[in-house]
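Visitor: If you scroll down you'll find the structure; I have some questions about it.
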Amino acid sequence: MTIWQIILLASIAVLAIKLLGYLVPPRALEAPRAARTAELTTVALLSALIVVQTLGAGQALSLDARLPAVIVAAVLFAVKVPFIVVIIAAAVVAAVLRMSGWA
Amino acid sequence: MSSATPVEPDDRAARRAAWRASLAVGLAVSAYGVSFGALAVASGLDVWQACVLSLVMFSGGSQFALIGVLASGGVAAGPAAIAGATLLGLRNGLYAIRVSPIVGPGWAKRLLAGHLTIDESTAVATAQPTLVGQKIGFWATGAIIYVGWNLTTLLGALVGNLIGDVSSWGLDAAAAAAFLGLVWPRLRALQPVVVAIAAAIVCAVLIPVLPPGLPVLAAALVALVVGLPDLFARRSHALSSPRPDAAGGDA
Numbered sequence: 000m001t002i003w004q005i006i007l008l009a010s011i012a013v014l015a016i017k018l019l020g021y022l023v024p025p026r027a028l029e030a031p032r033a034a035r036t037a038e039l040t041t042v043a044l045l046s047a048l049i050v051v052q053t054l055g056a057g058q059a060l061s062l063d064a065r066l067p068a069v070i071v072a073a074v075l076f077a078v079k080v081p082f083i084v085v086i087i088a089a090a091v092v093a094a095v096l097r098m099s100g101w102a
Numbered sequence: 000m001s002s003a004t005p006v007e008p009d010d011r012a013a014r015r016a017a018w019r020a021s022l023a024v025g026l027a028v029s030a031y032g033v034s035f036g037a038l039a040v041a042s043g044l045d046v047w048q049a050c051v052l053s054l055v056m057f058s059g060g061s062q063f064a065l066i067g068v069l070a071s072g073g074v075a076a077g078p079a080a081i082a083g084a085t086l087l088g089l090r091n092g093l094y095a096i097r098v099s100p101i102v103g104p105g106w107a108k109r110l111l112a113g114h115l116t117i118d119e120s121t122a123v124a125t126a127q128p129t130l131v132g133q134k135i136g137f138w139a140t141g142a143i144i145y146v147g148w149n150l151t152t153l154l155g156a157l158v159g160n161l162i163g164d165v166s167s168w169g170l171d172a173a174a175a176a177a178f179l180g181l182v183w184p185r186l187r188a189l190q191p192v193v194v195a196i197a198a199a200i201v202c203a204v205l206i207p208v209l210p211p212g213l214p215v216l217a218a219a220l221v222a223l224v225v226g227l228p229d230l231f232a233r234r235s236h237a238l239s240s241p242r243p244d245a246a247g248g249d250a
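Going line by line, the protein sequences match chains A and B.
When the letters of the first sequence are read in order and numbered with numbering that gives the first Met the number 0, they come out as residues 0 to 102.
When the letters of the second sequence are read in order and numbered with numbering that gives the first Met the number 0, they come out as residues 0 to 250.
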């Protein structure tokens, strides 16, 4: 597979799901099991992606500057700091820790 | 569903409120496209590939998931990257069902609306009390983010090419924080919190065992295990649409 094939296949799949939703009658949402499981799938995937992005180093786990940065981000989200500010703060924490040689 | 009110004196107020919400959410989310563009080129994509993702896929969570898996596993992790992005895009299908009555009939209009159906356009639309406000909320938020997100993706990709090593700038930590920001507003009940913790543990345990990308997919199974029998549900809740304050997360 080339990167272009991966990008186009994934993009078409994501777009197709959006369009397919418009073909489904709104009554379908009254089936709570599907809606609930889909929402939980989103939560599970995002949570797993946090772990990969924070601790993953290829096929190994690594504790480095990313973990303190994510903890700072969690605290800021908890006190309702705007999204973009939290993202920047996380980057700054990791960058400063690396620059100063702590992590 | 949509509470249609005829044109009345508070119609103007409703329109103005919808426009205000659309602008606030739209501009905040657009700004965050810079980090997507920069991270995309850091993951091995070129500027065009980053831009095509934002133009065609246009769903922040899926886009970050795709480049995250590609960054850890390269092209060999392509199938897992596609699967992860697609699974994360499933919720857009639910949003489409929900906003479909707001968009109304006409296949061309619905095709365009489909492309703009994301967390924020759905959140702003469904938060408006009147049908006219819902329509404005959906289209204005979707259009502002589409234009803004694509421009900032291009900007971020160009900047990312210039700065080179993203880890020294903390951009890898920024991506983790971005995922955290996307999941945060969804953790308002016991059930999603249990799923989030269990999925994180499953993923961490599997990272050294499975090829890159697969631990994320395996963690998604936690959602099925908990969601199908409805474990840890303190109260029954139908589909919760993303709340307006959840917006600012995903595009």
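We put the beta carbon where it would ideally sit given N, CA and C, even for glycine.
To which residues does DSSP link A/ALA59 through a beta bridge?
Guide: As a working note, residue 59 of chain A is residue 60 in the first sequence. A/ALA59 pairs with A/ALA56.
Visitor: Looking at chain A, is there any beta carbon in it that lies within less than 8 Å of the beta carbon of B/GLY43?
Guide: Taking the second sequence and counting its residues from 1, one reaches residue 43 of chain B at position 44. Output row for B/GLY43: interface = yes.
Visitor: Measure the C-alpha to C-alpha separation of B/ARG185 and B/GLY132 and round it to an integer number of angstroms.
Guide: Position 186 of the second sequence, counted from the first residue, corresponds to residue 185 of chain B. Position 133 of the second sequence, counted from the first residue, corresponds to residue 132 of chain B. Spanning the two alpha carbons is a distance of roughly 24 Å.
Visitor: Assuming A/ALA56 and B/GLY169 make a contact with CB atoms under 8 Å, what is their CB distance in whole Å?
Guide: Locating residue 56 of chain A in the first sequence gives position 57, where the first residue counts as 1. Locating residue 169 of chain B in the second sequence gives position 170, where the first residue counts as 1. So it is not a contact: roughly 16 Å between Cβ atoms.
Visitor: How should B/VAL215 be labelled, buried or exposed, when 16 other C-beta atoms within 10 angstroms of its C-beta is the threshold for buried?
Guide: In the second sequence, the residue the question calls residue 215 of chain B occupies position 216. Per the 10 Å Cβ criterion, buried.
Visitor: Count the other CB atoms within 10 Å of the CB of B/SER29; is the residue buried (16 or more) or exposed (fewer)?
Guide: Taking the second sequence and counting its residues from 1, one reaches residue 29 of chain B at position 30. Result: buried.
Visitor: Could you name the residues of chain A that B/ASP171 contacts, counting a contact when the two beta carbons are closer than 8 Å?
Guide: As a working mapping, residue 171 of chain B is identified with position 172 in the second sequence. What B/ASP171 touches in chain A: GLN52, ARG65 and ALA93.
Visitor: Exposed or buried, what is B/THR151 when buried is set at 16 or more other beta-carbons lying within 10 Å of its beta-carbon?
Guide: Translated into the one-based positions of the second sequence, residue 151 of chain B becomes position 152. The residue is buried, with at least 16 neighbouring Cβ atoms inside 10 Å.
Visitor: Please report whether the beta-carbon of A/ILE86 lies at a distance below 8 Å from any beta-carbon of chain B.
Guide: Residue 86 of chain A sits at position 87 when you count from the first residue of the first sequence. Cβ-Cβ to chain B under 8 Å: yes for A/ILE86.
Visitor: If you run the structure through DSSP and keep just helix, strand and coil, what is B/PRO207?
Guide: To locate residue 207 of chain B, count along the second sequence from 1; it is residue 208. In this structure, B/PRO207 counts as coil in the three-state DSSP scheme.
Visitor: Would B/TYR145 pass as an interface residue toward chain A - the criterion being a Cβ-Cβ separation below 8 Å?
Guide: Position 146 of the second sequence, counted from the first residue, corresponds to residue 145 of chain B. No, B/TYR145 does not count as interfacial toward chain A.
Visitor: For B/PRO256, count the other beta carbons within 10 Å of its own beta carbon; 16 or more makes it buried, fewer makes it exposed. Which is it?
Guide: Outside the displayed span of chain B (0 to 250) sits residue 256 of chain B, for which this structure offers no information.
Visitor: Buried or exposed, going by whether 16 or more other CB atoms sit within 10 Å of the CB of A/TRP101?
Guide: Mapped onto the first sequence, residue 101 of chain A falls at position 102. Result: exposed.
Visitor: On the criterion of 16 or more Cβ atoms from any shown chain inside 10 Å, does B/ALA126 qualify as buried, or is it exposed?
Guide: Start at 1 with the first residue of the second sequence, and residue 126 of chain B comes out as number 127. So B/ALA126 counts as buried.
Visitor: Within a Cβ cutoff of 8 Å, which residues of the same chain sit near B/LEU209, ignoring the five residues on either side of it in sequence?
Guide: Walking along the second sequence from the start, residue 209 of chain B turns up at place 210. ALA217, listed in sequence order.
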